[in-house]
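Working notes for the structure below.
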Amino acid sequence: MKVGMASHVGKVRVNNEDSIGWKGTLLVLADGMGGHRAGEVASALVVEKVLALDTAAPDFKTALTKTLNLANQALLNYADEHEECKGMGTTVVVVQVEVDRIKVAHIGDSRA
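Residue numbers (numbering that gives the first Met the number 0): 0 to 111.
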């Protein structure tokens, strides 16, 4: 599978708070909440956590739910340790490509 990814800051914002990544057949996009503190930190942290997901788990939905809950807790912990990151957040889109199907999940207003 060939994968191409790109992100653009757009015309409104000064910095890009998006993070993207892939591992094998797992693709992740996180859109840090613009106008909030440390959106770029939140999106990078969530992408990192999701890419650690075991894509061979027998129940992908359960494994992904657990991973996203762990990512959320990691965001909360990070914000507790870094005052400048209080209130940070991100949306996330996760796609897993299989031979005969594509699984898509999202949190927030980002869609695939």
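Think of the CB as a built atom: it goes at the ideal place given N, C-alpha and C, for glycine as much as any other residue.
Determine the DSSP secondary structure at residue i, reduced to helix, strand or coil.
i    : result
V2   : coil
T61  : helix
L26  : strand
A56  : coil
S109 : coil
D79  : helix
A104 : strand
Does the Cβ of residue i have 16 or more other Cβ atoms within 10 Å, making it buried, or fewer, making it exposed?
i   : result
M4  : exposed
T61 : exposed
A70 : buried
Excluding the 5 residues preceding and the 5 following residue i in the sequence, name in chain order all residues of the same chain whose CB lies nearer than 7 Å to its CB.
i   : result
T89 : A29, D30, G31, M32, G38, A41, S42 and V45
Within a Cβ cutoff of 8 Å, which residues of the same chain sit near residue i, ignoring the five residues on either side of it in sequence?
i   : result
T66 : K48, V49, A51 and L52
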